[in-house]
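full-length UniProt numbering applies: residue 1 is where the sequence shown begins, and numbers increase by one. Here a beta-carbon is modelled for each residue, glycine too, at the ideal position from N, C-alpha and C. Structure first, commentary second.
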Amino acid sequence: MYEHVFISRQDLSNAQAESLVEHFSTVLSDNGGKVVDSEYWGVKTMAYKINKNRKGHYAFLRTDAPAPAVQEMERLMRLHDDVMRVLTIKVDEHAEGPSVQMQKRDDRDDRRRRN
1 MYEHVFISRQ DLSNAQAESL VEHFSTVLSD NGGKVVDSEY WGVKTMAYKI NKNRKGHYAF
61 LRTDAPAPAV QEMERLMRLH DDVMRVLTIK VDEHAEGPSV QMQKRDDRDD RRRRN
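Below you can see the structure in the form of structure tokens.
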């Protein structure tokens with residue numbers, strides 16, 4: 001089981017950024033893996049510029065896939081022009097519910113409704 005976060009270029013539309021998630025999910029499934037959960041975190045400001053970009057589209061995948069499938073997906077991500085950074089972490093089990101990033105967003109939405 002793995003968790004992946006990747007950052008794509010800021011000049012992509014939201015639909016294009018989300019289609020990258022679908023594209024890489026297909027790569028995994030073609031190689032015998034599956035995506036358990038995926039989240040699109042939106043455009044976020046980065047701590048430092050990457051390839052002259054100050055912001056990027058962040059996406060998160062939880063996968064259950066054999067190592068060769070993950071390696072192939074990472075290889076294609078690194079070759080893809082729109083993907084700037086990739087981080088993959090091997091986990092023992094997937095956490096239940098939304099990721100911490102999505103929980104933060106829910107908290108902000110709740111605060112807005114209260115005011």
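Take the alpha-carbon of T88 and the one of D11: they are about 24 Å apart. Its chain contains E18 and A59 as the residues whose beta carbon lies nearer than 6 Å to that of Y40, once the 5 sequence neighbours on both sides are disregarded; these appear in chain order. Residue range A67 to L79 is occupied by the alpha helix (DSSP H) that includes M77. Beta-bridge analysis with DSSP links T63 to Y2 and V35. Taking a C-beta distance under 8 Å as the contact criterion, G33 and P66 qualify as a contact pair. Per DSSP, V91 is not a residue of any alpha helix (DSSP H), being assigned neither H nor E. Beta-bridge annotation (DSSP): K49 is not paired with any residue. The beta-carbon separation of E74 and V86, rounded to 6 Å, stays under the 8 Å limit for a contact.
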